[in-house]
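Count the sequence shown with this note's numbering and you get residues 88 to 526, in order. Backbone N, C-alpha and C fix where the C-beta goes; we use that ideal spot for every residue, glycine too. Written below as structure tokens is the structure these notes are about.
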Amino acid sequence: MKRINIGLIGLGTVGTGVVRLLRENDDIIRDRLGAEIVLKRVAVSDLSKGRGVDLEHEIMTADARDVITDPEIAIVVELVGGIEPARSFILEAVGEGKSVVTANKALLSTHGMEIFDKVDGAGVDIGFEASVAGGVPVIKAIKEGLPANRITSIYGIINGTANYILSKMTHDGGSFDEILRDAQEKGYAEADPTYDVDGIDAAHKLAILVNLAFGTPVGLDRIYTEGITNITPMDINFATEFGYRIKLLAIAKDRGGRIEARVHPTMIRKDDMLATVEGVYNAIHIYGNGVGPVLFYGKGAGMMPTASAVVADIIDICRNINKGISGRVPPLSCLEGKVRSVDVWDINELEIPYYIRFSAIDRPGVLSKISGVLGDHNISILSVIQKDRKVGDAVPLVIVTHHARERELVAALTEIDEMDVIKDKTVYLRIEEQIGGDS
């Protein structure tokens, strides 16, 4: 049976999972591939460090270039994360004529086009399924399952940490800080959770999805990004009362040649499928003009789910090696010359319903003043809730609007926040009434 040698750079959580999966499912993989995948070399930064798997001493190295330059290795798997030296490792491996597999969302969202161009010119392949939604095969689905479709929208819950926090706040109560500590204790959140709770991780993944779905690179600086750190139990409760759930959504839409790309806490109907995605699970809703709505759901992180995606890419590339081909499916689904630059909508031009929570003094005429300013800025009120009357004290006053333009909403709230009857900065959240289609 043919043997295909691979090299691994990085043996952390995901790398350990890759080794375990290759061993545990060796027979299944050989039956499906018709070849044996051999882990020939593993590069780690510290050879003295204990590992979650036992590997032969002779295949270990502290120099990644021992993997990259080994002429017997056909595929280099990069799992060190970050921008550098990961970028250099991948470019050098491609320059050596090797295909690569990576789970590095941060790298691909910032230097993806450079890497994809290099891969295309070298006549090798790249797999990056694990860079978005862990074990959920959404990248393969877009590239190979949906190429006949014009994709019009993507809605994704693609950060498990943020989804776990919002789920716990919704169902068990507790503040953001309390639930974050719980998530860290359970290993669902990093010691430094900034990328997760500030929406940056989701923005990295959305940049990759936009590139695949719409055939256009969108830089992180063009994706409006807002996290969940300011979500309070009060907003969770009011959302429930209005019939909504709050989720950190990554949203992308094709607006007739212009792209809408944003990540932020969003209110969605509680009976929507995405609203039922709880805990650390991920889900991506895609609408294609041929297939209609499709939903991908599963574990978006963790050792074995992510390893599953990495090994799937290895197997795909090995199949190409067996047939003596490469580049059968372009990295970005469309051909290199067809990748185009398009305009991205400014968040200020967004026009959707909004949830607004004021901290207003409870006295006659306050609602009239607020509604008057909103009206002056073309903002129409759909619903109003006021709780816990305390005459003369500040109380929450919540308004849900009809469709309004964000630019006008921000201007109205800036004016309202200067009123002497408003005691704290006003909170607002965007509402997506319809998930999918041409919404």
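Just verifying my parser: in three-state terms, what is the DSSP assignment at residue i?
i: L98; result: coil
i: T156; result: coil
i: Q473; result: strand
i: M147; result: strand
i: D141; result: coil
i: H489; result: coil
i: M360; result: helix
i: H291; result: helix
i: T239; result: strand
i: E313; result: coil
i: L296; result: helix
i: M321; result: helix
i: A481; result: strand
i: K512; result: coil
i: V105; result: helix
i: S186; result: strand
i: T353; result: strand
i: G232; result: helix
i: S526; result: Here the model assigns S526 a pLDDT of 48, short of 50, so the residue's position is not dependable, and the following value carries that caveat. S526 falls in the coil class under three-state DSSP.
i: V326; result: In the sequence as presented, Val is not what sits at residue 326; that position holds Ala. Helix, per DSSP.
i: K89; result: strand
i: A348; result: strand
i: E111; result: helix
i: I213; result: strand
i: E502; result: helix
i: I244; result: strand
i: R517; result: strand
i: L419; result: coil
i: K227; result: helix
i: D507; result: coil
i: V497; result: helix
i: S428; result: coil
i: D308; result: helix
i: D133; result: coil
i: S218; result: helix
i: I116; result: helix
From what residue to what residue does the alpha helix (DSSP H) around residue i run?
i: H198; result: 192-209
i: D403; result: 390-410
i: Y251; result: 247-259
i: R174; result: 173-182
i: I373; result: It is not in any alpha helix (DSSP H) - I373 instead sits in the beta strand (DSSP E) that spans 368-375.
i: Y331; result: Careful: Y331 lies outside any alpha helix (DSSP H), inside the beta strand (DSSP E) at 331-342.
i: A270; result: 263-272
i: D42; result: Residue 42 lies beyond the range of the chain shown here (88 to 526); nothing can be said about it.
For the beta strand (DSSP E) containing residue i, name the first residue and the last one.
i: G385; result: 379-386
i: I162; result: 162-165
i: V125; result: 122-130
Return yes when at least one heavy atom of the ligand MG lies under 7 Å from the C-beta of residue i, else no.
i: V297; result: Of ligands this structure carries none, so the ligand MG is not represented either.
Taking residue i and residue j to be in contact with their CB atoms under 8 Å, please state how far apart those CB atoms are, rounded to whole angstroms.
i: A161; j: S186; result: 7 Å
i: V431; j: R309; result: 4 Å
i: H490; j: E438; result: 5 Å
i: I93; j: K127; result: 7 Å
i: N250; j: K340; result: Not really, about 21 Å apart at Cβ, beyond 8 Å.
i: S470; j: V487; result: 4 Å
For this session: Pair every Cβ in the segment 310-324 with every Cβ in the segment 253-267, then say whether three or more of these pairs are closer than 8 Å.
Result: Segments in contact, yes.
For this session: Kindly confirm or deny that the segment 210-217 and the segment 236-246 touch, where touching means at least three C-beta pairs closer than 8 Å.
Result: Touching, no.
Exercise. So, do the segment 324-335 and the segment 227-234 have three or more beta carbon pairs nearer to each other than 8 Å?
Worked result: Contact between the segment 324-335 and the segment 227-234 is absent, because fewer than three Cβ pairs lie under 8 Å.
Exercise. Taking contact to mean at least 3 C-beta pairs separated by less than 8 Å, is the segment 392-412 in contact with the segment 461-477?
Worked result: The segment 392-412 vs the segment 461-477: no contact.
For this session: Identify every run of the alpha helix (DSSP H) within the segment 430-475, keeping only runs that are complete inside it and at least 4 residues long; order them along the chain.
Result: Taking only runs of at least 4 residues, the alpha helix (DSSP H) segments lying wholly in the segment 430-475 are 453-463.
Exercise. With contact counted as at least three CB pairs below 8 Å, one residue from each stretch, are the segment 447-455 and the segment 494-501 in contact?
Worked result: They do not touch, by the three-pair rule.
Problem set entry | Touch test, the segment 154-172 against the segment 96-110, Cβ-Cβ under 8 Å, three pairs minimum | Taking 8 Å as the limit for Cβ pairs, the verdict is that the segment 96-110 does touch the segment 154-172.
Exercise. Between the segment 298-312 and the segment 383-396, do at least 3 Cβ pairs fall closer than 8 Å?
Worked result: Proximity of the segment 298-312 to the segment 383-396 falls short of the contact definition, fewer than three beta-carbon pairs being nearer than 8 Å.
Exercise. How about the segment 436-445 and the segment 508-519: do they share at least three Cβ pairs that are nearer than 8 Å?
Worked result: Flag = yes, the segment 436-445 and the segment 508-519 touch.
Exercise. Would you call the segment 218-229 and the segment 389-401 in contact, with 3 or more CB pairs under 8 Å?
Worked result: The segment 218-229 vs the segment 389-401: in contact.
Exercise. Looking at C-beta atoms only, is the number of pairs between the segment 270-277 and the segment 244-257 that lie closer than 8 Å three or more?
Worked result: Yes, since at least three Cβ pairs between the segment 270-277 and the segment 244-257 fall closer than 8 Å, the two stretches touch.
Exercise. If you pair each beta-carbon of the segment 188-208 with each one of the segment 119-127, do three or more pairs fall below 8 Å?
Worked result: Flag = no, the segment 188-208 and the segment 119-127 do not touch.
Exercise. Should the segment 350-368 be called in touch with the segment 285-296, which here means at least 3 C-beta pairs below 8 Å?
Worked result: Because the criterion of three Cβ pairs below 8 Å is met, the segment 350-368 and the segment 285-296 touch.
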